[in-house]
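Participant: Submitted below is the structure of interest, expressed as structure tokens.
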Amino acid sequence: MYILGISCFYHHSAAAILEDGEILVFCEEERFSKIKNDASFPQKAIEFCLKEAGINSNKLDYIVFYEKPFLKFERSLMISLKYFPFSLSFFVSSMRNFLTEKLWIKSIIAGRLNLNSEKILFVPHHLSHAATSFYSSPFKRAAYLTLDGVGEWTTGSWGRCFDNKIYPVAEMRYPNSVGLLYSTFTSFLGFKINEGEGKIMAMANKGKAKYMDKMTKIVKLNKDSSIKLNLDYFSFHKSSKHMYSKKFAKEFQDLDEFDLASSLQKCIEEIIFTMLQFIYTKTKMENLVYSGGVALNSIVNAKITKRTPFKRVYIPKNCGDNGGALGCALYVYHHVLS
Ligand SMILES: [Fe+2]
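Numbered per numbering that gives the first Met the number 0, the sequence shown finishes at 337, counting up by one with no gaps.
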């Protein structure tokens, strides 16, 4: 059985092919297009995968997309309506985006691959992330955590993996998001979102976490270890151009940038380690698999076994949306079909 997994139209588009559940090939479109973080439909990556697998597209049993476009559309629509008229620019830009490409992914895939659309399946974004980490890990049993900017509505999730299946327990929803919190500071410090986060992480090592009192104004930890963002400081939910509000700019202007990066790093460490402590308490599992764009923060990752009760941790190197192409295919093979 051949399954093709696809992720695209946000950032880091990619494709992967499984043969009877084994990973045959995985690659990102940027390797062919030479456009960093290329988000376009991964036509060349798919062609490469088919060539490496030695098959034509009509040999594919299933084609799986790494998220559910209609739920993502619903989120954009609901948020736009909630914050109307302040969200007008966000509404216009996201509707244009969805109505030109994202919403019609099924017909785009069927058309590009010349296939029957009944073979096309959709896996929720965070289940794709969870599957990338669990099914490529060495563990038979593990707790899982996923954290990113946002999928459809979900921004983070956790659960249990055993008997080759993934069982979600709880999720955190937009606009409360560790990834969007991090990206807001990335944007405020003058870097490109989804590219500059690594630079902020490096800057954190050069500073001191002096501004924790300010961080506590913009983000709170709930009892169940989820977070609540104070939306007075953010504008990503109603603007297509700005992540942060005037109030945020006033709060953080004229501060040492390295100390600010350091304060952000300390803040997300406290959030993630609190979440992991909570997940361990609930699951009592000693293995952790962790994925999503936030799992690219290697400073956090290096401290997990020291700061939490987890004894072993597996984080796939393609833990961001690129790996979603692999995760959605693995999820269908192992969780849905097996
Ligand atoms: Fe993601």
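By construction, the Cβ of each residue, glycine as well, lies at the ideal position given by its N, Cα and C atoms.
Given the structure is predicted, the values throughout are model-derived calculations rather than measurements.
(1) What three-state label does DSSP hand Pro167 in the structure shown?
(2) Pop quiz: Pro137 and Tyr313 are said to be a contact at Cβ under 8 angstroms. What is the actual Cβ separation, rounded to whole angstroms?
(3) Check the C-beta distance from Ala324 over to Phe25 and give it rounded, since I have them as a contact under 8 angstroms.
(4) Assuming Ala169 contacts Trp157 under a Cβ cut-off of 8 angstroms, what Cβ separation, rounded to an integer in Å, is found between them?
(5) Verify the contact flag: His128, CB atom, against every heavy atom of ligand 1, threshold strictly below 8 angstroms.
(6) Could you check if Gly323 belongs to the surroundings of ligand 1, using beta carbon to heavy atom distance under 8 angstroms?
(7) May I ask you to list the residues that DSSP assigns as paired with Lys227?
(8) In chain order, what residues of the same chain lie with their CB nearer than 6 angstroms to the CB of Lys118, ignoring the 5 residues before and after it?
(9) To the nearest angstrom, how far is the alpha carbon of Phe161 from that of Val335?
(10) Could you compute how far the alpha carbon of Leu254 sits from the alpha carbon of Pro167?
(11) Beta carbon of Cys318, beta carbon of His125: below 9 angstroms?
(12) CB Phe235 to CB Met242, shorter than 9 angstroms?
(13) Pull up the distance between the alpha-carbon of Leu112 and that of Lys265, whole angstroms please.
(14) Which two residues bound the contiguous alpha helix (DSSP H) that contains Arg140?
(15) Which whole-angstrom value is the C-beta distance of Tyr232 and Lys246, which I expect to be below 8 angstroms?
(16) Please report the Cβ distance between Ala15 and Ala328, rounded to the nearest whole angstrom; I am assuming they are in contact, meaning their Cβ atoms lie under 8 angstroms.
(17) Indicate the three-state DSSP secondary structure (helix, strand or coil) for Trp152 in the structure shown.
(18) Which residue's Cα is closest to the Cα of Cys7: Lys67, Lys50, Leu49 and Lys58?
Facilitator: Looking at the atomic coordinates:
(1) strand
(2) 7 angstroms
(3) 7 angstroms
(4) 6 angstroms
(5) yes
(6) yes
(7) Lys219
(8) Tyr61 and Ile62
(9) 14 angstroms
(10) 40 angstroms
(11) no
(12) yes
(13) 46 angstroms
(14) Looking at the DSSP string, Arg140 is not in any alpha helix (DSSP H), and its letter there is neither H nor E.
(15) 5 angstroms
(16) 6 angstroms
(17) coil
(18) Lys67
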